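**Q** Take this structure, written in C-alpha cells, and hold onto it; I'll ask about it next.
Numbering (UniProt numbering), first residue to last: 1 to 533.
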C-alpha cells in the first residue's frame with residue numbers, strides 16, 4: 001500500500017487529463033443514540049435534520065438550555081438508530097468499492113469529539129458490524145467472483161505523532177515518506193493476505209488488541225491514537241486501496257481531568273486535529289500553501305483531502321453535547337467544498353512494458369554516439385566494470401585511425417533500434433547532438449580537440465558509472481548496500497523494499513524512498529569520488 005516532496009506547493013495540480021475526474025469530498029453526519037452512562041439531565045438531542053433535498057440536507061443544532069442554534073448543509077444525515085451503520089455502508093461506502101476493486105483509491109474516515117461513536121461505526125461490536133468488516137466482506141466477495149485478484153490488509157496507528165504497525169508483536173515504528181509526486185508512503189508496513197472473513201477477523205482482532213486505549217473522564221475506553229485500516233486489492237500491476245480511518249476524538253482537558261501521559265496524548269491528538277482543520281481551511285480559501293506536513297495525520301489524509309482519492313467523511317455527533325457538535329459539524333460542512341482530482345485506474349495499464357536488457361540499452365546507445373566499438377549482433381552484450389574501462393582506453397587510437405582513413409559510418413541494426421533507447425541516469429551529462437553520421441575529416445580536426453576528447457570520455461565514464469551504480473543497487477545485499485557512502489541501515493532497507501516492487505531503472509527512482517534529486521546526486525557523487533580516491 002508507500003516520495004520526498006520537492007515542490008513548495010503540495011496541492012494537487014488542477015490541470016486534468018481526459019481520464020481524470022473531479023470528486024467532491026462527501027460529508028455525512030451520524031447522530032449516535034443516548035447511552036446509559038450519558039448525563040440523565042440531557043435527554044433532548046441537540047441535533048436534528050430540517051429540510052432535505054436530493055443532494056443535501058440541512059442539519060440544525062439547538063442548545064436545549066439556551067437560545068443558541070446553528071444550521072449547516074451536509075450531504076446526508078443519519079439519526080439515532082444502531083441499524084443506521086448498515087444504511088450508511090449501503091448508501092455511502094458500497095458505491096466506492098467497485099472502483100477500489102478496479103484499481104482506484106478511496107478513503108472513509110470518522111471524525112468527531114471523544115465519545116461520539118467513531119470507533120463503533122468503524123469497528124462495530126459483537127452485535128453490530130462496523131464499516132471496516134462490512135467493507136472487507138464485500139471486497140472479498142467481489143474478488144472471489146472476479147478471480148485473479150488478491151486482497152491484503154494493513155493496520156497501523158498514529159500515536160503521539162508516530163506511526164506503529166499493529167500487526168507486529170513488538171511496537172514497530174513506520175516511516176512516512178513522500179514520493180516525488182507528493183503521495184505519502186509507509187515504508188515497511190506489514191501486509192497480510194486474506195482469503196476469507198475468518199482470515200480478516202483473526203488478523204484484525206490481533207491488531208485491535210495492540211491499539212492504544214485508556215479510560216478518561218469522558219470515556220471508559222477512549223482511543224489514544226488514530227487507527228487506519230488499509231484494504232489493498234491487486235490484479236497484476238494495478239492496485240486499489242480502501243483506507244478506513246478511525247480518528248481519535250478531540251478532548252477538553254478541563255472536563256476530562258487528564259494528567260501525565262493522558263495529558264500528553266490528548267495534547268498530541270488535539271494538535272493533529274487542529275492541523276486537520278487548518279488544512280481544510282487552506283483548501284477552502286485556495287491558499288498557495290496547504291499545511292499537510294504539520295502533522296502525521298494530515299500527511300496520511302493528503303490524498304483524501306484535495307488529493308486523488310474518493311473520500312467520505314462521517315461526522316459523528318453526541319446528542320447531548322451542543323458545543324462539541326457545533327465544532328464537528330462546522331468543520332464537516334467546510335470539508336464539503338474540497339475537490340479531489342481522481343485519476344482513472346485503467347490508464348496505467350494500457351501500454352504493455354517491454355522487458356529490455358539494461359546493459360544492451362547502454363551499449364547500443366554508446367555505439368550510436370560513437371563512444372565504443374560496435375559489437376557483432378551475435379555477441380552477448382556483457383558489460384563488466386573491467387571491460388568498460390578497458391574499452392574506453394582505446395578511444396584515442398580509434399579516432400586516430402578515423403583521421404588516417406575516410407570516416408566510416410556506423411549504424412545499429414534497425415531491429416535493435418526499435419526496442420532500445422537511451423538510459424535515463426538522472427546525471428546532468430552535457431552531451432550535444434552529434435552532427436550527421438557522414439562528415440568531413442576537416443570537421444573532425446575542428447571538434448576533436450584535446451578538451452573535447454576529454455569531455456566526451458568524461459561524459460561516457462559518468463554514464464557508465466551511473467548504470468553500474470544502478471545495477472549494484474538492484475543486486476547487492478543489505479550489507480553490501482551499506483558499504484556505499486551515504487547509505488545506512490534504514491536506507492538499505494528502503495532500497496530493498498523498493499526494488500522488490502520494481503527494479504530501479506534510473507537514479508530518479510531513488511526519489512521514491514524519500515531522497516531529493518540533490519541528495520541522489522550527492523550520494524552518487526560521493527560513491528564515484530570514493531572509487532577514484
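Glycine residues also receive a C-beta, built at the ideal position from the N, C-alpha and C atoms.
Given the structure is predicted, the values throughout are model-derived calculations rather than measurements.
(1) Using three-state DSSP, classify residue 162 as helix, strand or coil.
(2) Could you spell out the range, first to last residue, of the beta strand (DSSP E) harbouring residue 110?
(3) For residue 187, which of helix, strand or coil comes out of DSSP?
(4) Could you tell me whether the stretch 319-329 touches the stretch 84-100, where touching means 3 or more Cβ pairs closer than 8 Å?
(5) Let me know the alpha helix (DSSP H) ranges lying completely inside the stretch 87-149, each 4 residues or longer, listed in chain order.
(6) Residue 232 to residue 449, Cα distance in whole Å?
(7) Under 6 Å Cβ to Cβ from residue 175, same chain only, skipping five residues before and after it: list those, please.
(8) Cα-Cα, which of 483, 524 and 47 is closest to residue 465?
(9) Could you have a look at residue 179 and say whether DSSP puts it in helix, strand or coil?
(10) My assumption, with CB atoms under 8 Å, is that residue 515 sits in contact with residue 499. Please give the rounded CB distance.
(11) In its own chain, which residues sit with a C-beta less than 6 Å from the C-beta of residue 304, not counting the 5 before and 5 after it?
(12) Does the structure place the stretch 187-198 close enough to the stretch 123-140 that three or more beta carbon pairs sit under 8 Å?
(13) Hey, residue 31 and residue 57: beta-carbon distance below 9 Å or not?
(14) Can you tell me which of 208, 64, 337 and 148 puts its alpha carbon nearest to the alpha carbon of residue 237?
(15) Within the same chain, show all residues whose beta-carbon is closer than 7 Å to that of residue 235, passing over the 5 residues directly before and after it, in chain order.
(16) Residue ranges of each alpha helix (DSSP H) run of no fewer than 4 residues wholly in the stretch 255-339, ordered along the chain?
(17) For residue 243 versus residue 341, is the C-beta spacing smaller than 9 Å?
(18) For the stretch 223-232 against the stretch 153-165, are there 3 or more C-beta pairs whose distance is under 8 Å?
(19) Could one say the Cβ of residue 275 lies closer than 9 Å to chain D's Cβ atoms, at least one of them?
(20) In whole angstroms, give me the CA-to-CA distance for residue 352 and residue 503.
(21) Please say whether residue 71 and residue 59 have beta carbons closer to each other than 9 Å?
(22) Return the CA-CA distance between residue 319 and residue 509, expressed in angstroms with no decimal places.
(23) Do residue 513 and residue 177 have their C-beta atoms closer together than 9 Å?
(24) Determine, using beta-carbon pairs with one atom in the stretch 33-42 and one in the stretch 92-101, whether at least three such pairs fall under 8 Å.
(25) Is residue 25 helix, strand or coil when you go by DSSP?
(26) At what residues does the beta strand (DSSP E) containing residue 241 begin and finish?
(27) Using 8 Å for Cβ pairs, my map puts residue 335 next to residue 27. What's the rounded Cβ distance?
(28) Taking C-beta to C-beta, are residue 230 and residue 189 nearer than 9 Å?
(29) Return the first residue and the last residue of the alpha helix (DSSP H) that residue 199 is part of.
(30) Going by DSSP, name the residue or residues bridged to residue 226.
(31) By the three-class DSSP mapping on this structure, what secondary structure does residue 235 have?
(32) From this set, 76, 78 and 143, which residue's C-alpha is nearest residue 102's C-alpha?
(33) Between residue 182 and residue 279, what straight-line distance do the alpha-carbon atoms span, to the nearest angstrom?
(34) Run the CB neighbour count on residue 299, radius 10 Å, all protein chains shown included, and call it buried at 16 or more, exposed below.
**A** Short version:
(1) Within the chain shown, numbered from 1, the residue matching residue 162 stands at position 162. Residue state, collapsed to three classes: strand.
(2) Within the chain shown, numbered from 1, the residue matching residue 110 stands at position 110. Boundaries of the beta strand (DSSP E) around residue 110: 105-112.
(3) In the chain shown, the residue the question calls residue 187 occupies position 187. It is a strand residue.
(4) no
(5) DSSP runs (the alpha helix (DSSP H)) wholly in the stretch 87-149: 97-101, 118-123 and 131-146.
(6) In the chain shown, the residue the question calls residue 232 occupies position 232. In the chain shown, the residue the question calls residue 449 occupies position 449. Taking the straight line joining both Cα atoms gives about 59 Å.
(7) Start at 1 with the first residue of the chain shown, and residue 175 comes out as number 175. Cβ within range, chain order: 187.
(8) The residue given as residue 465 occupies position 465 in the chain shown. The candidate whose alpha carbon is nearest that of residue 465 is 524.
(9) Working through the chain shown from its first residue, we reach residue 179 at position 179. Reduced to three states, the DSSP call for residue 179 is coil.
(10) As a working note, residue 515 is residue 515 in the chain shown. As a working note, residue 499 is residue 499 in the chain shown. Rounded, the Cβ-Cβ distance is 14 Å, inconsistent with contact.
(11) Residue mapping note: residue 304 aligns to position 304 of the chain shown, counting from 1. Around residue 304: 107 and 311.
(12) yes
(13) Here the question's residue 31 lines up with position 31 in the chain shown. Here the question's residue 57 lines up with position 57 in the chain shown. Not a contact, by the Cβ cut-off of 9 Å.
(14) For the purposes of this step, residue 237 is identified with residue 237 of the chain shown, where counting begins at 1. Of the listed residues, the one whose Cα sits closest to residue 237 is 148.
(15) As a first step, residue 235 is located in the chain shown; it is residue number 235 there, counting from the start. So the qualifying residues of the chain are 148 and 149.
(16) 260-284, 296-300 and 322-335
(17) Numbered from its first residue, the chain shown carries residue 243 at position 243. Numbered from its first residue, the chain shown carries residue 341 at position 341. Contact: no.
(18) Proximity of the stretch 223-232 to the stretch 153-165 meets the contact definition, three or more beta-carbon pairs being nearer than 8 Å.
(19) Chain labels in this structure do not include chain D; a single protein chain is all it has.
(20) Working through the chain shown from its first residue, we reach residue 352 at position 352. Working through the chain shown from its first residue, we reach residue 503 at position 503. Any reading at residue 352 needs caution, since the residue's pLDDT is 46, under 50, leaving its predicted position unreliable; the model's value is listed next. Taking the straight line from one Cα to the other gives about 16 Å.
(21) What you label residue 59 is simply residue 59 of the chain shown in a count that begins at 1. What you label residue 71 is simply residue 71 of the chain shown in a count that begins at 1. With respect to the 9 Å criterion, residue 59 and residue 71 are classified as neighbours on the basis of their beta carbons.
(22) Numbered from 1 along the chain shown, position 319 holds the residue referred to as residue 319. Numbered from 1 along the chain shown, position 509 holds the residue referred to as residue 509. Distance between the alpha carbons of residue 319 and residue 509: 51 Å.
(23) Within the chain shown, the letter at position 513 stands for residue 513. Within the chain shown, the letter at position 177 stands for residue 177. Contact flag set, yes.
(24) With a cut-off of 8 Å, the stretch 92-101 and the stretch 33-42 do not count as touching, because too few Cβ pairs lie within range.
(25) In the chain shown, the residue the question calls residue 25 occupies position 25. Residue 25 falls in the coil class under three-state DSSP.
(26) Position 241 of the chain shown, counting from 1, holds the residue named residue 241. Here the beta strand (DSSP E) through residue 241 covers 238-246.
(27) Residue mapping note: residue 335 aligns to position 335 of the chain shown, counting from 1. Residue mapping note: residue 27 aligns to position 27 of the chain shown, counting from 1. With a Cβ gap of about 5 Å, residue 335 and residue 27 count as contacting.
(28) Against the chain shown, residue 230 aligns to sequence position 230. Against the chain shown, residue 189 aligns to sequence position 189. Contact flag set, yes.
(29) Start at 1 with the first residue of the chain shown, and residue 199 comes out as number 199. Its alpha helix (DSSP H) spans residues 197-209.
(30) Here the question's residue 226 lines up with position 226 in the chain shown. As a beta-bridge residue in DSSP terms, residue 226 pairs with 158.
(31) Here the question's residue 235 lines up with position 235 in the chain shown. Residue 235: strand per DSSP, three-state reduction.
(32) Translated into positions along the chain shown, residue 102 becomes position 102. Among 76, 78 and 143, the Cα nearest to that of residue 102 belongs to 143.
(33) Working through the chain shown from its first residue, we reach residue 182 at position 182. Working through the chain shown from its first residue, we reach residue 279 at position 279. If you take the alpha carbons of residue 182 and residue 279, they lie about 15 Å apart.
(34) Looking up residue 299 in the chain shown gives position 299. Buried.
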